[in-house]
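One structure is given below, encoded as structure tokens.
Structure representation (structure tokens):
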């Protein structure tokens, strides 16, 4: 029995080491993410319907709203979907079936800036450079260091 336990442990250890090495080898480095994001934003910024702010935030107006615009100190209720530039969805209030409410000054800088451009009822798409998102630290397993992010955001309510 001890022999089988040792074999199973050795096999699992080898698998985990191999999986870890594969993950490391296939992960983009911070420099690669930064270069890919900069190239994406440079090309994206050429589109007629994409607006680029002084900070580097890019956005498209999908649908205009007619309600109030939030200040950075307000709470907002939004529906959103976040993706990486290669299309991987990393977060979605739509998938959870409920909008999110939060203080606007407690989120990434790209959201704080972008949502203040919206009015209640508006739908925007934000293209957020890494320095206005999670920067060099990334966030979780889905958002690597220096990742440019895309968010579809619907501003439901300003409080």
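Numbering (mature numbering (1 follows the signal peptide of the UniProt record, and there is no 0)), first residue to last: -27 to -1, 1 to 132.
Ideal Cβ positions, reconstructed from N, Cα and C, are used throughout, including at glycine.
From a predicted model like this one, the values you see are computed outputs, not experimental measurements.
According to DSSP, residues forming a beta bridge with residue i
| i | result |
| --- | --- |
| residue 96 | 36 and 127 |
| residue 122 | 57 and 101 |
Exposed unless 16 or more other CB atoms sit within 10 angstroms - verdict on residue i
| i | result |
| --- | --- |
| residue 131 | buried |
| residue 119 | buried |
| residue 109 | exposed |
| residue 99 | buried |
| residue 126 | buried |
| residue 37 | exposed |
| residue 51 | buried |
| residue 7 | buried |
| residue 32 | buried |
| residue 35 | exposed |
| residue 74 | exposed |
| residue 87 | buried |
| residue 201 | Nothing in the structure corresponds to residue 201, since the chain is present only between -27 and 132. |
| residue 43 | buried |
Residue i, DSSP secondary structure in three states
| i | result |
| --- | --- |
| residue 105 | helix |
Whole-angstrom C-beta distance between residue j and residue i, which should lie under 8 Å
| i | j | result |
| --- | --- | --- |
| residue 63 | residue 116 | 6 Å |
| residue 58 | residue 9 | 7 Å |
> Mind pulling the alpha helix (DSSP H) runs of 4 or more residues that sit fully within the stretch 5 to 87?
Replying inline: Correct list: 66 to 69.
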